[in-house]
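Everything below concerns the one structure shown next.
Protein chains: 2
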Amino acid sequence: MVESESRAPEAMGRTETVMQAIRRRIAGHALAPGDKLPSIRKFARDMAVSPSTVVEAYDRLVAEGLIRPRAGSGFYVSAAMAPVARPDALPEVERAVDPFWVSRQSLDGGREMLRPGCGWLPPDWMPLAAIRRATRAAAKTDDAVLVEYGSTRGSPALRRLLVRQFMAQGIEAGAEQVLLTSSGTQAIDLICRLLLRPGDTVLVDDPCYFNFRALLRAHAVRVVGVPYTPTGPDVDLFEEALATHRPRLYLTNSALHNPTGASLSPRTAHRLLAAATAHDVTIVEDEIFADFEPEPSPRLAALDGLNRVIRIGSFSKTLSASIRCGFIAARPELVDGLIELQLATGFGGPSPLAAELVFRTLSDGSYYKHLAGLRSRLVRRRREMIAELAKLDVHPWTLPRGGFYLWCRLPRATDAAEVAKSALRDGVVLAPGNVFSVTQSATDFMRFNVAQMNADVLKLLQRTLG
Amino acid sequence: MVESESRAPEAMGRTETVMQAIRRRIAGHALAPGDKLPSIRKFARDMAVSPSTVVEAYDRLVAEGLIRPRAGSGFYVSAAMAPVARPDALPEVERAVDPFWVSRQSLDGGREMLRPGCGWLPPDWMPLAAIRRATRAAAKTDDAVLVEYGSTRGSPALRRLLVRQFMAQGIEAGAEQVLLTSSGTQAIDLICRLLLRPGDTVLVDDPCYFNFRALLRAHAVRVVGVPYTPTGPDVDLFEEALATHRPRLYLTNSALHNPTGASLSPRTAHRLLAAATAHDVTIVEDEIFADFEPEPSPRLAALDGLNRVIRIGSFSKTLSASIRCGFIAARPELVDGLIELQLATGFGGPSPLAAELVFRTLSDGSYYKHLAGLRSRLVRRRREMIAELAKLDVHPWTLPRGGFYLWCRLPRATDAAEVAKSALRDGVVLAPGNVFSVTQSATDFMRFNVAQMNADVLKLLQRTLG
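As given, the protein sequences belong to chains A and B, one line each in that order.
Residue numbering for the first sequence follows UniProt numbering, beginning at 1 and increasing consecutively.
Residue numbering for the second sequence follows UniProt numbering, beginning at 1 and increasing consecutively.
Given below as structure tokens:
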């Protein structure tokens with residue numbers, strides 16, 4: 001295989017100029033499909049660049065399929081011009097406020113949008129220096145990590161690191177009980193595919209993360225909500241739901257619950273697990289916000305020992321949402337079924353390169369300091385935002401011990417969906433209560449991401465709610 | 001956020017030594033949970049390293065959860081030692097030879113195994129220099145690419161590049177018709193989730209890629225095989241199957257079909273599409289081996305214009321299987337449904353960082369030269385292996401025009417599954433015919449990956465078949 005040497009940035013700029021010149025000629029029909037391109041020597045003279053720049057530009061246009069080489073005879077236009085770029089989507093103010101509403105508007109809304117409704121931190125809150133270090137190191141890593149599929153469970157080094165973290169939380173598991181996935185959501189999806197059949201019933205918290213609703217809808221299961229209290233689900237109603245609906249699964253966040261920011265109390269945790277055991281229900285405990293906790297709160301996985309509890313998590317909230325990697329820790333029989341399902345539906349395990357980047361960042365000594373700094377910064381930001389929102393008579397339902405969410409009741413029974421629709425016209429994505437509610441009983445609630453709030457957002461809220 | 005400065009490699013080596021020393025003390029019960037660690041100053045003296053090295057080692061052990069800091073009081077062992085490493089899996093000679101057999105043995109078999117049955121090239125056949133260049137460049141890319149979720153369809157730059165390649169192949173599509181996914185397999189899985197319901201019927205080629213069988217089993221659909229000829233599926237039998245089974249979908253590789261290496265003839269392509277149109281069947285055309293073709297063969301997507309044909313592909317075979325990225329090109333209404341399904345089941349689009357690495361490698365002028373070199377190398381290797389296999393009376397069913405597969409009939413009606421089981425005991429993973437066959441009619445066939453063959457594999461075959 002022939003590979004050209006690496007090039008200096010200024011040479012890349014000139015190459016791009018030559019490529020643009022050819023693209024324009026094709027777009028303007030000065031060059032038609034089948035036409036021969038100017039010779040390298042001549043075009044280099046015309047463009048006042050070196051012949052090697054034109055060679056590079058032609059090579060890259062070949063890579064794009066726009067031109068083709070013919071042996072010994074130069075380069076030819078291979079097809080009509082590339083289509084005119086169209087935007088994927090504009091803010092869609094008419095789209096229904098359903099469980100996809102917040103994610104679609106937040107992900108596709110364009111850079112200029114404000115996103116107090118989204119579920120992630122701004123980039124400059126993330127451990128960028130450690131990630132850049134990890135990426136530079138990965139450029140020198142083993143060939144196999146860069147190009148091969150890797151093992152079915154994913155990176156042994158990252159799984160061993162996770163198992164050591166689990167031990168510290170009182171959860172004993174072997175690395176073979178951990179399966180890496182492409183994301184936390186994909187982890188839950190695999191579990192649902194393994195354990196659920198259409199028509200089964202699943203319990204969730206009311207309110208719960210809106211994407212749990214979207215995911216369970218894709219599985220064509222019945223979803224029953226259990227009212228959530230500041231110390232976890234209402235256990236009496238949970239028991240009642242177990243008896244009445246005979247669910248197969250209960251899906252929850254024990255620590256820093258989305259959207260409320262609440263965490264399980266020890267007593268609720270114990271009663272929940274006892275009830276689930278009595279009714280033989282599997283629990284999926286989503287740990288995605290766990291690293292934001294100042295001290296670990298009770299974990300169902302620790303009480304249960306990964307027997308009927310399946311732990312899932314990812315690194316998207318505290319490390320990177322771009323380096324996609326999640327995990328499942330479960331009892332061994334389940335892992336074997338999950339491996340086959342992940343092979344059948346995604347082939348291979350998760351990206352070895354992604355796992356390497358996560359592993360390098362996590363085992364960089366700076367990472368836990370980053371977390372400590374992040375937690376302090378969030379404490380301050382939560383306090384500020386609680387004060388600012390109070391001026392608008394907007395108050396949190398509970399005071400979270402960590403994380404970036406505030407679940408707030410709006411004054412005068414305001415319809416949050418109407419506020420969100422109106423805010424979208426002003427370029428602000430909000431997260432109205434009912435997208436989180438199976439029973440649609442959170443009409444006047446709103447979830448705020450304190451890290452994404454600023455003066456413009458507060459002004460807009462003041463206009464809308466004032 | 002506090003992040004420590006980057007460290008020189010030799011410092012990392014010393015840090016690791018200190019970490020190992022602490023791990024050994026904990027493993028040997030010299031330090032028990034709750035015990036205080038030696039002070040930084042003292043341990044630096046004992047280990048003859050600088051105090052900053054011990055600080056770094058302790059920080060990383062904290063990140064692993066093995067020890068915990070207490071404000072103003074030093075570091076303490078936080079839990080029992082990490083569990084003893086156990087291997088995930090050993091070669092499983094007793095496992096049934098089912099559609100998962102080849103992938104599990106190939107992925108989990110360990111580095112010392114030989115893999116003439118696997119579906120990928122050895123690392124040194126891949127464009128490693130370009131990938132390393134792309135990774136180095138990615139370490140300096142925008143913050144958002146490194147840490148954010150990205151848009152729901154995935155990287156606009158990569159989608160525009162794909163669209164330009166499609167144009168060159170006569171397929172007109174807007175970038176908004178392209179959805180990036182985590183892999184080619186996940187692309188097919190999303191399409192199946194959108195279009196199929198349990199009990200639907202799907203047509204595949206007989207033989208076909210074994211993972212199509214595993215994937216369709218996960219969807220609980222009926223799978224009907226259409227006998228494959230050296231110019232594509234037998235069209236008369238395809239039409240008969242359409243009339244008899246009323247399938248919803250036909251899933252195929254038009255170019256360099258897996259496992260046979262055959263490609264569609266123009267006449268077969270036209271007749272197939274006409275029959276699918278008459279019976280209103282959707283076709284999923286998996287292009288995963290397309291870049292191995294010396295000249296493009298007929299494409300159903302080009303004939304049809306992405307109307308009833310959905311094109312999928314990935315970069316795992318020619319670029320990297322570790323940087324996981326696939327794509328779907330389809331008509332706009334389908335893309336919208338697929339976006340919501342990908343959000344619900346994976347959250348966000350595919351990794352922005354993976355898409356950036358693919359984009360940078362593809363638009364590196366060296367990539368198409370790499371492909372040209374790869375094709376020539378494979379021509380030579382195929383020729384050599386055909387000659388070597390002929391000595392064992394093993395002959396290809398057809399002569400592929402590209403790629404790395406040879407689909408061969410074994411002499412004297414030998415049972416390929418028995419040969420494969422026996423080879424596994426000798427550390428060689430083979431791909432026996434029936435894992436590819438819905439009708440189990442390929443008992444005496446074997447798929448060979450010419451790039452993974454060597455003298456040891458040939459010797460083993462000689463022993464087994466001789």
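C-beta atoms are modelled at their ideal positions from N, C-alpha and C, and glycine is treated no differently.
{"query": "Looking at the C-beta of Glu-340 of chain A, does it have a partner C-beta in chain B at a distance below 8 Å?", "result": "yes"}
{"query": "If you follow the beta strand (DSSP E) that Cys-408 of chain A is in, where does it begin and where does it stop?", "result": "405 to 409"}
{"query": "So which residues of chain A does Tyr-367 of chain B contact, with C-beta pairs closer than 7 Å?", "result": "Ala-63"}
{"query": "Does the separation of the CB atoms of Leu-465 of chain B and Thr-414 of chain B fall below 8 Å?", "result": "yes"}
{"query": "What runs of the beta strand (DSSP E), each 3 residues or longer, lie entirely inside the stretch 293 to 359 of chain A?", "result": "309 to 314, 326 to 329"}
{"query": "Looking only at its chain, what residues have a beta carbon closer than 7 Å to the beta carbon of Pro-99 of chain B, apart from the 5 residues adjacent to it on each side?", "result": "Phe-210, Asn-211, Arg-213, Ala-214, Val-435"}
{"query": "Which of the three DSSP states is assigned to Lys-140 of chain A in this structure?", "result": "coil"}
{"query": "Just the Cα atoms here: how many angstroms apart are Arg-70 of chain A and Arg-41 of chain A?", "result": "17 Å"}
{"query": "By DSSP, does Leu-460 of chain A sit in helix, in strand, or in coil?", "result": "helix"}
{"query": "Could you check if Ser-106 of chain A is buried or exposed, using at least 16 other CB atoms within 10 Å of its CB as the buried criterion?", "result": "buried"}
{"query": "Does the beta carbon of Val-147 of chain A sit closer than 8 Å to a beta carbon anywhere in chain B?", "result": "yes"}
{"query": "Could you tell me which uninterrupted beta strand (DSSP E) segments, each at least 3 residues in length, are contained entirely in the stretch 174 to 226 of chain A, listed from first to last along the chain?", "result": "178 to 181, 201 to 206"}
{"query": "Buried or exposed, going by whether 16 or more other CB atoms sit within 10 Å of the CB of Asp-205 of chain A?", "result": "buried"}
{"query": "Looking only at its own chain, which residues have a Cβ that is under 6 Å from the Cβ of Phe-292 of chain B, when we skip the five neighbours before and after it?", "result": "Leu-256, Gly-402, Gly-403"}
{"query": "Could you give the distance in angstroms between the alpha-carbon of Pro-122 of chain B and the alpha-carbon of Ala-451 of chain B?", "result": "7 Å"}
{"query": "For chain D, find out if any of its Cβ atoms is closer than 8 Å to the Cβ of Glu-287 of chain B; answer yes or no.", "result": "The question asks about chain D, but that chain is absent: this structure's protein chains are A and B."}
{"query": "Please determine if the stretch 385 to 395 of chain A and the stretch 405 to 414 of chain A are in contact, where contact requires at least 3 C-beta pairs separated by less than 8 Å.", "result": "yes"}
{"query": "Classify Pro-123 of chain A as helix, strand or coil using the three-state DSSP reduction.", "result": "helix"}
{"query": "Should Lys-36 of chain A be labelled buried (16 or more other beta-carbon atoms within 10 Å of its own) or exposed?", "result": "exposed"}
{"query": "What's the gap between the Cα of Val-49 of chain B and the Cα of Arg-14 of chain B?", "result": "7 Å"}
{"query": "Just how far apart, CA to CA, sit Thr-268 of chain B and Glu-333 of chain B?", "result": "28 Å"}
{"query": "Taking three-plus beta-carbon pairs below 8 Å as touching, is the stretch 142 to 149 of chain B in contact with the stretch 376 to 385 of chain B?", "result": "no"}
{"query": "List, in order along the chain, the chain B residues whose C-beta lies closer than 8 Å to that of Trp-120 of chain A?", "result": "Glu-148, Tyr-149"}
{"query": "For the putative contact between Thr-282 of chain B and Ile-310 of chain B, defined by C-beta atoms under 8 Å, what is the C-beta separation to the nearest angstrom?", "result": "7 Å"}
{"query": "Would you tell me roughly how many angstroms separate the C-alpha atoms of Gly-348 of chain B and Gly-150 of chain B, rounded to the nearest one?", "result": "7 Å"}
{"query": "Are the C-beta of Leu-90 of chain B and some C-beta of chain A separated by less than 8 Å?", "result": "Model confidence at Leu-90 of chain B stands at a pLDDT of 43, short of 50, so the residue's coordinates are unreliable; what they give is reported in the following sentence. Not an interface residue."}
{"query": "Evaluate Ser-183 of chain B with the Cβ neighbour count: other Cβ atoms within 10 Å of its Cβ, from every protein chain shown; 16 or more gives buried, anything less gives exposed.", "result": "buried"}
{"query": "Note down the Cα distance separating Ile-131 of chain A from Ala-173 of chain B, rounded to an integer number of angstroms.", "result": "35 Å"}
{"query": "Just mark Met-140 of chain B as buried or exposed, buried being the case when its beta carbon has 16 or more other beta carbons within 10 Å.", "result": "In the sequence as presented, Met is not what sits at residue 140 of chain B; that position holds Lys. The residue is exposed, with fewer than 16 neighbouring Cβ atoms inside 10 Å."}
{"query": "Kindly indicate if chain A contains any beta-carbon less than 8 Å away from that of Phe-43 of chain B.", "result": "no"}
{"query": "Answer yes or no: do Gly-318 of chain B and Leu-371 of chain B have a C-beta to C-beta separation smaller than 8 Å?", "result": "In the sequence as presented, Gly is not what sits at residue 318 of chain B; that position holds Thr. Yes, Cβ-Cβ distance for Thr-318 of chain B and Leu-371 of chain B is below 8 Å."}
{"query": "Can you have a look at Asp-456 of chain B and say buried or exposed, based on whether 16 or more other CB atoms are within 10 angstroms of its CB?", "result": "exposed"}
{"query": "Tell me, please, whether the CB atom of Ala-82 of chain A is closer than 8 Å to any CB atom in chain B?", "result": "The predicted model places Ala-82 of chain A with a pLDDT of 38, which falls under 50 and marks its position as unreliable, so this point remains unresolved."}
{"query": "In terms of alpha-carbon separation, which member of B:Phe-166, B:Ala-241, B:Leu-162, B:Gly-65 lies closest to Glu-295 of chain A?", "result": "B:Gly-65"}
{"query": "CA-CA distance, Leu-458 of chain B and Ser-297 of chain B?", "result": "32 Å"}
{"query": "Rounded to whole angstroms, what's the CA-CA distance from Val-72 of chain B to Glu-56 of chain A? Just pull it up for me.", "result": "Note that residue 72 of chain B is Gly in the sequence shown, not Val. Distance between the alpha carbons of Gly-72 of chain B and Glu-56 of chain A: 59 Å."}
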